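**Q** Following numbering that gives the first Met the number 0, the numbering of the sequence shown begins with 0 at its first residue and continues without gaps.
Just so it is clear, CB atoms sit at the ideal spot from N, CA and C, and this is done for glycine as well.
These figures come from a predicted structure and were not determined experimentally.
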Amino acid sequence: MTAYQIACSELAAEPRTWLITGVAGFIGSHLLETLLALEQRVVGVDDFSTGSPRNLEDVRERVGAEAWKCFDFREGTITDMSVCREACNYADYVLHHAGFVSVPLSNQDPVGCHNANVNGTLNLLIAARDNRVRRFIQASASAVYGAQSMSPVKEDAPVDRARSAYGASKQISETYVRLFFDLYGLETISLRYFNVFGPRQNGIGASAPVIAQWIDKSLRNEKCVINGSGEITRDFLAVANVVQANILTATTRNRKAVGQSYNVASGRAISLAELHQIIARELAEATGATVQPAESGPARENDVPDIVADAHRFREELGFAPDLDFAGALTETIRWYASRSGKR
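1) Enumerate in chain order the residues of its own chain whose CB-to-CB distance from glutamine 291 is below 6 angstroms, with the five nearest sequence positions on each side excluded.
2) Using DSSP with H/G/I as helix, E/B as strand and the rest coil, what is histidine 95?
3) Return helix, strand or coil for tyrosine 261, following the three-state DSSP convention.
4) Between which two residues does the alpha helix (DSSP H) containing glutamine 291 stretch?
5) Using C-beta distances below 6 angstroms, list every residue in its chain close to valine 93, excluding the 5 sequence neighbours before and after it, in chain order.
6) Roughly how many angstroms lie between the CA atoms of tryptophan 67 and leucine 35, to the nearest whole one?
7) Considering just the uninterrupted stretch of the alpha helix (DSSP H) at valine 110, what are its terminal residues?
8) To the nearest angstrom, report how far apart phenylalanine 180 and aspartate 108 are at their CA atoms.
9) Any idea which residues DSSP pairs phenylalanine 196 with across the strands?
10) When the Cα atoms are used, what is the spatial distance from leucine 124 to threonine 289?
11) Please indicate yes or no: does the CB of valine 22 lie closer than 8 angstroms to some heavy atom of the ligand ATP?
12) Going along the chain, which unbroken runs of the beta strand (DSSP E) with 3 or more residues stay wholly within the stretch 4-61?
13) What do you reckon, are the CB atoms on phenylalanine 235 and asparagine 201 nearer than 9 angstroms?
14) Quick one: grab the DSSP three-state call for phenylalanine 179.
15) Hey, quick one: how far does the beta strand (DSSP E) through phenylalanine 313 stretch, first residue to last?
16) Can alanine 308 and alanine 337 be called in contact, C-beta distance under 9 angstroms?
17) Glutamate 74 and phenylalanine 47: beta carbons closer than 9 angstroms?
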């Protein structure tokens, strides 16, 4: 059995109480679905600023009425300390995924980004400390690295040259997360997500993630736009593997992991030009649709040209073993969007 299978088996045998912030969001809803399927008790917080009630409804339909009874939803914002304190009450683990999620919009509203990602995280850390939470897992991001000269990038690379307000907010929140371990003994781990994709991700709008946006456009028979050079690379990881990463870090007995930050990624670089070709091929096979050739557009301001992770440390120290490859996960994602085409 893999480390993940063992963790899931132990959780099913001994249910715990989990708090998921941003539970109605893309990643949060997948965490909820998996935990409810494992018969866990889940408290969820969301203010629907980016999350959607439809994601929660989708989870309810998938897990069934009996499992849904173990879910306690609280509508509210983590910038409200009272919300954080009430939500953390009796929680064993906190999976913190609420916050400001758009890199382009963060530069237009740096104060709003800081308030959500830094002040909100600090509120939640205080509440978790005071309620004696077992472990606090924070969703961080590859944006903490800014533009790196080294590739693949390791966890010990400098994180002091953010290229966006979003990246800066994640740098600061990581500092607080580590501080609460060092200062108060609250067990914390930060997960630096690279480019996560999968069902339920919002594909509409200029700031939407590239895979979701391109699938959505292709299903509408619209042209995709490659901003800048098509040779720009990214590191993509299926959301199911991010769920695995959260459960592994929450339950690991490896004491060396506590207080650390880890890359959560595939470790594979895919160029935007290659990505469009793969989406066109997989979408044609899955739906029979023909995808229009991509257009070239101007490079986005402050965009990082290339970033791919060195993910060996996470695999070695926590037993992370992605169980969905890129092509398989992309096909699953395309089929999900195709099944809902015209319904959004």
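**A** Taking the definition as stated:
1) Lys222
2) strand
3) strand
4) Taken as a continuous stretch (DSSP letters only), glutamine 291 belongs to no alpha helix (DSSP H), as it is neither H nor E.
5) Leu18, Ala127, Val132, Phe135
6) 7 angstroms
7) 109-113
8) 30 angstroms
9) Ala237
10) 48 angstroms
11) The ligand ATP is not among the ligands present in this structure, which contains no ligands whatsoever.
12) 16-20, 40-45
13) no
14) helix
15) Here phenylalanine 313 belongs to no beta strand (DSSP E); instead the alpha helix (DSSP H) covers 311-317.
16) no
17) yes
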